[in-house]
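Quick notes on the structure that follows.
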Amino acid sequence: MPVDPAAFAEALRQYAAGVCLLTVRDDIDDVGTTVSSVMSVSARPPLVAVGLTADGYPAEVLGEVGRCALTVLAAEHAIVASRFSSAGRPSARHLLESVPWSRAAGSGAIVLDGGLAALDCRLDRLVTAGDHVVALLEVDAVPVLTADADPLLRLRGRWTDGAGGPVRRP
Numbered sequence: 104m105p106v107d108p109a110a111f112a113e114a115l116r117q118y119a120a121g122v123c124l125l126t127v128r129d130d131i132d133d134v135g136t137t138v139s140s141v142m143s144v145s146a147r148p149p150l151v152a153v154g155l156t157a158d159g160y161p162a163e164v165l166g167e168v169g170r171c172a173l174t175v176l177a178a179e180h181a182i183v184a185s186r187f188s189s190a191g192r193p194s195a196r197h198l199l200e201s202v203p204w205s206r207a208a209g210s211g212a213i214v215l216d217g218g219l220a221a222l223d224c225r226l227d228r229l230v231t232a233g234d235h236v237v238a239l240l241e242v243d244a245v246p247v248l249t250a251d252a253d254p255l256l257r258l259r260g261r262w263t264d265g266a267g268g269p270v271r272r273p
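Quick look at the structure:
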C-alpha cells in the first residue's frame, strides 16, 4: 500500500531538526537557503550530507560552483531563517543587510558571525533522491564555533528554541 504524502509529511513534522543556512558564492551573486536536513556522515574525512530540492536554484548553483558554507543557526536567527525559506527571495546579501556576516576562507561563501558553528565545505557529489538531491560535502574548515546560545529548531512547522519553546521576535 502506498504511503500518503500528507501523512508522511505530518509524521516528519514531529521530528525536531536543527536549522542551517547553506550559502554559495558564484561569479554573479550569493545564493542561500535554509536547510533542516543536515547530518554528519563521517569524521575521517569530515563529511556532512544536506538535502536540497532537486530542481531548486541552490542545488543548481552548488553543483556548478562546488563549494559552500553551512552556518548552524541560533534561536535569534529565526527571522533570517524565514527570509531564506521564502520563495522568490533576492540575493543573500540583501537578506542579511542588518545581520553581521563574513566570508569563509575556502568557499568565499557567507557565514553568519553569530552562528553556533559554520562549516566551509567542498562538494564531493550530488546524489538524486526522489524530488531532492543529497549533497555530500567534505568539510575543509570550521570558521565559526560559538556554542553558547540556544539553537534554532524546526518542529511542527514552527521555529523553536532549544527548550522547545516558540521563538519570539526580538
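Per the numbering used here, residue 104 is the first one in the sequence shown, and the count goes up by one each step.
Note that CB positions come from ideal geometry on N, CA and C, so glycine has one too.
Completely contained alpha helix (DSSP H) runs for the stretch 185-210, where each covers 4 or more residues: 195-198
Three-way DSSP call (helix, strand, coil) for P108 in this model: Look at P108 here: in three-state DSSP terms it is helix.
Cross-strand partners of S143 (DSSP beta bridge): V151
Neighbour-count burial assignment, G135, 16 or more Cβ in a 10 Å radius: buried
Where V183 falls: helix, strand or coil (DSSP): Here V183 sits in helix by DSSP.
Pairwise C-alpha distance: P108 and T231: 19 angstroms
Exposed unless 16 or more other CB atoms sit within 10 angstroms - verdict on R147: exposed
Per-residue DSSP class, three states only, for L173: In the structure shown, the three-state DSSP call for L173 is strand.
Endpoints, alpha helix (DSSP H) assigned at L165: It spans Y160 to V168 - the alpha helix (DSSP H) in which L165 sits, taken as one unbroken run.
Supposed close pair L239, R228 - CB separation, criterion 8 angstroms: 5 angstroms
Own chain partners of S143 with C-beta closer than 7 angstroms, once the 5 adjacent residues on each side are dropped: V151
Buried versus exposed call for V106 [16 or more other C-beta atoms within 10 Å across all chains shown]: exposed
Three-pair Cβ contact test at 8 angstroms for the stretch 218-226 versus the stretch 193-203: no
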